[in-house]
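Residue numbers (my numbering), protein chains in the order written: chain A, 121 to 211; chain B, 24 to 1016; chain C, 4 to 420; chain D, 888 to 1096.
Think of the CB as a built atom: it goes at the ideal place given N, C-alpha and C, for glycine as much as any other residue.
To keep things clear, I will list the structure first and then write my remarks on it.
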Amino acid sequence: MRIVCPFCGERELGEFTYLGDAKPVRPVAGASEDEVFDYVYLRDNVAGATSEYWYHGGGCRAWLKVARNTLTHEISSVEPALGAGAARVGA
Amino acid sequence: MAGAQTHRLDKGGLIDRSASLNFRFDGKTFSGFQGDTLASALIANGVKLVGRSFKYHRPRGILTSGSEEPNALVELRTGARREPNTKATTAELYEGLEAASQNRWPSLRHDVMSVNQLFAPIFVAGFYYKTFMWPAKFWEAIYEPAIRRAAGLGRAAGVADPDHYDKAWAHCDVLIAGSGPAGLAAALAAGRSGARVILCEEDFTLGGRLLSDGGTIDGLPVAEWLSRTLAELAAMPDVRIMTRTTLFGVYDGGTYGAIERVNDHLPSPPEHQVRQRLWRIVARRCVVAAGALERPIVFAGNDTPGVMMASAMRTYIARYAAAPAKRIALFTNNEDGWRTVEAALGAGLQIAAVIDARPDVSAAYRSLASKGGFPVLHGSVSGVEGGKDGVRKIAVSLTGGARAEVEADGLAVSGGWNPAVGLTSYHRGRPKWRDDIAAFVPDGAPPGMVAAGAANGDFGLGACLSQGFAAGAAAAHDAGHNGKAGTAPVADDEAFSLTPLWHVAGKGKAFVDYQHDVTASDIELAQREGFESVEHLKRYTTLGMATDQGKTSNVAGLAIMAAVSGRSIPETGTTIYRPPYVPVAIGAFAGHHRDETFHATRLTPSHHWAAEQGAVFVDTGLWKRAQWYPRAGEKDWLESVTREVKAVRGGVGFCDVSTLGKIDVHGRDAGAFLDRVYINTFSNLAVGKARYGLMLREDGIVYDDGTTSRLAEDHYFLTTTTAKAGLVMQHLEFCRQVLFPELDVQLTSVSDQWAQFSIAGPKTRDLLKEIVDPAEDLSNEGFPFMGAREVALRGGIKARLFRISFSGEMAFEISVPARFGDAMARNLMLAGAPFGVTPYGTEALGVMRVEKGHVAGPELNGTTTAADLGLGKMMSTKKDYIGRVMAGREALVAPDRQVVVGIKPTDKARRLRSGAHIIPKGQIPGPGNDQGYVTSVCFSPTLDQWIGLGLVERGRERIGEVVHAHDPLRGEDYDVELCNPVFYDPDGGRQRG
Amino acid sequence: MKYSIFSLARAALSGHKNWQRTWRDATPKDHYDVVIIGGGGHGLATAWFLASEYGIKNVAVLEKGWIGSGNAGRNTTIIRSNYGLPGNTGFYELSMKLWERMEQDLNYNAMVSQRGVVNLYHSDAQRDAYARRGNTMRINGIDAELLDLTAVKKMMPFLNFDNARFPVQGGLLQRRGGTARHDAVVWGYAHAASALGVDIIQNCEVTGFVRDANGKVTGVETSRGKIGAGKVGMAVAGSSSRVAAMAGLRLPIESHVLQAFVSEAIKPLLPNVMTFGAGHFYVSQSDKGGLVFGGDIDGYNSYAQRGNMPVMEDVCEGGMALMPMIGRVRLLRQWGGIMDMSMDGSPIIDKSPVDGLYLNAGWCYGGFKATPGSGFVFAHLLARDTPHEEAAKFRLDRFRRGAMIDEKGQGAQPNLH
Amino acid sequence: MADFSWVSRSPLEHALVTGTHGARGVEAGVSLTEIRNFDLIQVMARRGQAAELAKAAMARFGVAAPDAPKAVQTSDATLIWSGPDQFFVLSKGSKHTMQTLAPALSSPASLSDQSHARALIGISGSKARIMLAKLSSIDLHPEVFPIGSAAATSMDHTSVTLWRGGNRPDGQALFNLLVFATFAESLWHTMLDAAAEYGVDISHSEELA
């Protein structure tokens, strides 16, 4: 598998570490145990198109959101996590 | 002296007759020529018997001339370089080559295990599932060892491989597999278009079937066209031709695996060179021009030595000038097989007969037969007479029912051709059936890949050239190269008329999978027993699981299954194709990652100094850390470690702790950020102060701990454990970039920037005063416990000083830029000499942390909560942080959890061991009363006994209770007392003093 | 048909024309007491135990392809019961005991070979962890031995003891561990279950659940029509999330690819099963002679049933580091299976929140060794509606309660288990 | 009370043996030169401060700092991209230090001293590219990785910063490699193994060229 890092360009799989589904959003402070449980433990585990977090730890250390198909391993898009390249957002 | 090459043809071939090479096979010396394979050289010497089959130990000869060979497997080389199951058909001959036949005893000609053939009526497919069950114990004792000894093929060397391997990356626009007409045409087109091209050819000579089959291209004899084409390609700087290189697999994103046999054609690799190299090739496009494999026809006696694929036979004749037989019969069901007759006649060999299963033979070949004076028999081969020494007579069932016999010493067989559909199918694609050629052809391929020529089912030379050329041009275009490709090479297409024929019924064993001895009747039996799915068929009979991966057997096998189960071949389908395309040495996949270079090694800044001191090193992750510093006369590690501990507790010592992860946390929101990742609060930490912090995973379990200091308003210096350094960095980056992108935080690893030493013991301050600039105030008031700030050192460099203690002693940690780490160790020795300074290693460090009751790796085991570790009070109730909510789940706050407690044997002389379990006193150990275990132990010089920490159910409520340490693995049982985990200076006076 | 050496000899005389199908090729009936989704080892074992232990014979096993086409047919065939945490320890030992009598139970030779499993250790910390685990095993009545370096050298003199990056210091041995012929396990259960009346229905893919007005599952929709069921059990590890989703359930499971490899067949080289403690590599040698080996999962969600090169290299590096004598042995085949990776690395055998639907899932890469035990306790659950005592901790709600069974201590990060 | 001498010791000091290594009787195909005396400062833009940092860097160095994987040569430093929002300032020892850069850059950026955290190796020679292909998964073809290209990548599972400097006087490409100090010796040996078949010329230099 090769992932096109939006910062570094196309790199081989060995430079990246997988975290998991990018869909669950961390509940805000004060969320219930049930909400946090859902976030931490339950997965759609989709067979098909998914969005996932990958870490370019062997390269620029950016966290990336990778749109990938779990049936074919084909990657359709890669974008930086919100805070990767945050120096460019409005202060 | 080597025997005469009795079967070497007088002229022709691509061998170098001026370079004679001696070699040995089964102890006998032969000679061959440069350019021979072991197989061609054996053929040239008239050797027919080369191996024994897997199950029945049947005598076998050479069947093919390529990597699909199922029979002619040898142990190549000797000693540590012995390579079992090496295909004689691809092994290049070199001076002094040694090969031995395998799977036979005592000799190839007289193999005792061939008695298995007598039991053949019982040893049918799957027989072992039905027997060997009684008595149950006999399986491991009797049956299995016997089966294992009989099974297997060659013998591995059994000692370390002395050769080296490496791995490399390559990148191109267009990757081409195969250098036959399609591959070369593709390379021409892509290269001319301006693309970067890599062409891999598994053979040592370029040309593929062109080398054997001849013909005319662009009006030129093939040999001339070939040399012109290779010259043109060689002149293109971005076209790379790799011979002895097999493309074996395709992985995601256009990554391909290839194996280059760099030096297998030599007795051993030259100095500094590798035996083989694994290539990871990244290609935008790939043209598979891997050709097709001729397939056998299944008939009784088809495994007799001397029965050979027709195309292989003409390869041996044309390319190697070696005659597999002198009087040859051909059994074919297609036009292509006849080319072997032409080749044989051209070489002056005799044709005994052609047995053609088709209703019609072309006029051209009919006239060839009459000119050559040999009969054309319409029908099929129904049996072969012969044995170890080869074919003698061939029985023919003629169309219409009559029988005939043909005397011959070789039988060429052509059942048609199977495109090499492996590469195109490795992404679980299933090839599709083409009726006109009665073969499976690629049906789609992994992204970026296309098959051309014979690999795509188009066998004619003209078609191969034009398809290959078009594929190469298109691939270059897709990769963004649009240079002028010029015109495609032109040649005529040969006729290819085929009447499918898979199996000729007859008496005697008819082999489908030669190597695994799977016969047509085995397939029928499998069907009878319900193993109709091709995957069941494969697994039940082992069809296609041999070292040739079914290249010669799979299609025939499933065709027979189709016939007996009344389905069509496409309905029956194929099994899943799996890489690698050819077997690849495990050593090549490892490359240089073996022995000491299995993984990288990290060295601390004072490593070489420690080595000079004679330190014993321990592996901690990738690190080498000084474990202890033995002194002359010390009888064991314990004595050294005890000395080091005493030296610290009584004076001063130092230890390189640079392996801790160190992270600079910068930014306006650095404090707020740390509040969210630690369970305790850091935003209120004063500049110039340090604090111990604990972080959880989001599931509420402890993740890591360490000391974090505030060096400036917007700058914290965070430390992690050695083990988790990289993972914590990744975790913090996740928090920063994904969870809390709104915060202004920058993270940098400074683990390698700083050499960090722990200096501990009552005389620490004395030592430091020697080395720190006198202007710095190191008094308890000027530098209180948990203080952290930059200081100047004598001699003009700056350091960071932290008043923190892991040992429980008055202690500091000092950081200097890493290149001064070595000097720091030397200067500490110098400065500390008057105080008896003692360097100590990780063992002494560990002893002191256990004495002090600090938790470490064995307690932070990924299942413990902060409260389990006795650190529950650190959990802030005033803020959100990672893991807070999940940490509150009922089972994680249950009162009966196993928590950290101190443990000491009631008998002070008793040694405590980690891993012993805790059982209530007076009870018989069982799953119901297994209340925990000892996590960490040490011999405490301070208490003069073994002590430890443990995780024990309700441990903290049971201080003082005597329980049982149960250690059946080591045959030990003894009483221990649960106690306060802080064995040493529980009030902490010493570290604050 | 009863298999024996005599039946084999008789068959040989008749040219093997009289053998019958190993299991009946059943056509689906309208209704079964229990329908099991998944014709792998677990599903078939469940059916057999339902019929043989619990007298429930009106059972169907539905398989979307051919039986054993999932992980039962693509694993590294290792059996062992060397687990360290309550919940796992007893269960895997139950399974081991069932392995030990499987062939006689089933009248089918699954080549259960107890030739020993050694987990090598390379550091004091690892030794201590194995000591803890081995003592747990002994306390639970399971055989375990802690080997020192001398013992390992004697048992496996071919390991790299001289110039290893991470020298071997010893190992944890379970002599009763070993291997079994994975396909034969499937066929054996199919053979025996079919003989007791269980319908094994291949090429029958479940496409949905039939629910009554209360939401209770009363059957399944399949590619071969609707089939009614008193209870439906799913044993489809690798696809659990997909099947559960048809009932509207989300599970604490991710699907990951685990690769495995086999070498060319060679004469006996390795006496036992072993795992490298300083890298990702475990290996045994099959009766046919191939080295069967594997390592870590690829580490990303996948249903593709194939992996990538970095892991393949990583595994071979581990192998070469451990025993550089395999350098010239050739890797013959590489394949990938879909692992039901749960959030704590341990399985789930429980009633689902949907009435009438029962879960057998989350086996991670440990499903093969669990086959008989899983079948036994799942049959118990289906028959009695209460968990078997040895599976009492494999509850679905343990994650919600915080009662994880996390042998590796990696938390809710399935690719690290 | 003696003043202590603070001898700076390179992480490669032990492993690096000047002279030739590997294949003999051929002209060395790979030259490896360690540069020992340099300052390396990591500059990380604060949140939302990319534009300010760009301005400040332009003012300080006279060229735009790289915001893509490039290495930019200034009159007295090399600015090497090291990740989103960050770059290295590499200069001769004591040229651009934390102290000298902070006034100019610390408002829009955080600075971190990495001078001791890396070893710096120059790699050239006719076989440099083919040797690097054994260690690096990235494409170093002259058209893909021309002069001025940089990459944050891994070699042998070890994080490195690799960039292509100006050609050597003999026209050969020069690759520069920053490797973490504690990994340096290990990667050095790996590199020697990879290069041995081509013949290696080994040297070190105190100063950045």
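- Residues of chain A with a Cβ closer than 7 Å to the Cβ of Y306 (chain C) are, in chain order, A167, T190 and L191.
- Assigned with DSSP and collapsed to three states, I609 (chain B) falls in helix.
- Here L992 (chain D) carries a helix assignment [DSSP, helix/strand/coil].
- Note that the stretch 280 to 295 of chain C does not touch the stretch 194 to 209 of chain B; fewer than 3 beta-carbon pairs, one per stretch, sit closer than 8 Å.
- Look at H194 (chain B) here: in three-state DSSP terms it is strand.
- For a cut-off of 8 Å, the C-beta gap from V414 (chain B) to A431 (chain B) is around 6 Å, short enough to register as a contact.
- When beta bridges are read from the DSSP output, M114 (chain C) appears opposite no residue.
- Excluding residues up to 5 positions away in sequence, N122 and Y285 lie with their Cβ nearer than 6 Å to the Cβ of T278 (chain C) in the same chain.
- At a Cβ-Cβ threshold of 8 Å, A209 (chain B) and A477 (chain B) do not count as neighbours.
- If you check each beta-carbon in the stretch 152 to 183 of chain A against every beta-carbon of chain B, the ones closer than 9 Å belong to S152, E153, E155, V156, F157, Y159, V160, Y161, Y173, Y175, G177, R181, A182 and W183.
- Here the C-alpha atom of R403 (chain C) lies approximately 38 Å from the C-alpha atom of D996 (chain B).
- Nearest neighbour of E547 (chain B) by Cα position, chosen from B:V873, B:R993 and B:S588, turns out to be B:S588.
- Of the residues assessed, H185 (chain C) falls on the buried side of the cut-off, its CB having 16 or more other CB atoms within 10 angstroms.
- Residue environment analysis places Q946 (chain B) among the exposed positions, since fewer than 16 neighbouring C-beta atoms fall within 10 angstroms of its C-beta.
- The DSSP assignment places 844 to 855 and 865 to 875 as complete runs of the alpha helix (DSSP H) inside the stretch 822 to 881 of chain B, in order along the chain (cut-off: 4 residues).
- R81 (chain B) carries a coil assignment under DSSP once its states are collapsed to helix, strand and coil.
- Residue state for C223 (chain B) is assigned as strand, using DSSP reduced to three classes.
- Within a 10 Å sphere around the beta-carbon of Q107 (chain C) sit fewer than 16 other beta-carbons, which makes this residue exposed.
- Using a 10 angstroms sphere on the CB of R654 (chain B), the tally of other CB atoms stays under 16, which defines it as exposed.
- Annotation: the continuous beta strand (DSSP E) that includes D36 (chain C) extends over H34 to I40.
- At a C-beta separation below 8 Å, P953 (chain D) has no neighbours in chain A, since its nearest C-beta there lies roughly 11 Å away.
- The three-state reading of DSSP puts N363 (chain C) in strand, counting E and B together.
- In this structure, the alpha-carbon of R451 (chain B) lies about 29 Å from that of A250 (chain C).
- Beta-carbon to beta-carbon, P82 (chain B) and L72 (chain B) are separated by about 5 Å, close enough to satisfy the 8 Å threshold.
- Nearest in C-alpha terms to F56 (chain B), of all of B:F48, B:K786, B:R47 and B:R40, is B:R40.
- Under the three-state reduction of DSSP output, R172 (chain B) falls in the helix class.
- Below the 9 Å Cβ cutoff, chain A contributes A204, G205, A206, A207 and R208 as neighbours of D972 (chain D), in chain order.
- M985 (chain D) places its beta carbon less than 8 Å from that of L998 (chain D).
- If only uninterrupted beta strand (DSSP E) runs of at least 3 residues are considered, those enclosed by the stretch 423 to 511 of chain B are 426 to 430, 433 to 437, 440 to 442, 455 to 457, 462 to 464 and 472 to 474.
- Under a criterion of Cβ atoms nearer than 9 Å, the residues of chain A adjacent to V761 (chain B) are, in order, L139, A142, R146, Y173, W183, K185, A201, L202, G203 and A204.
- Between the C-alpha atoms of V464 (chain B) and A180 (chain B) there is a straight-line separation of about 39 Å.
- For G177 (chain B), the closest C-alpha among the options B:S393, B:G74, B:A191 and B:F612 is that of B:G74.
- Residue range W660 to G673 is occupied by the alpha helix (DSSP H) that includes E662 (chain B).
- Per DSSP, V894 (chain D) lies in no beta strand (DSSP E) and is assigned neither H nor E.
- The beta-carbon of F397 (chain C) is placed no less than 8 Å from the nearest beta-carbon of chain B.
- Against chain D, the CB of G203 (chain B) has no partner CB under 8 Å away; the residue lies outside that interface.
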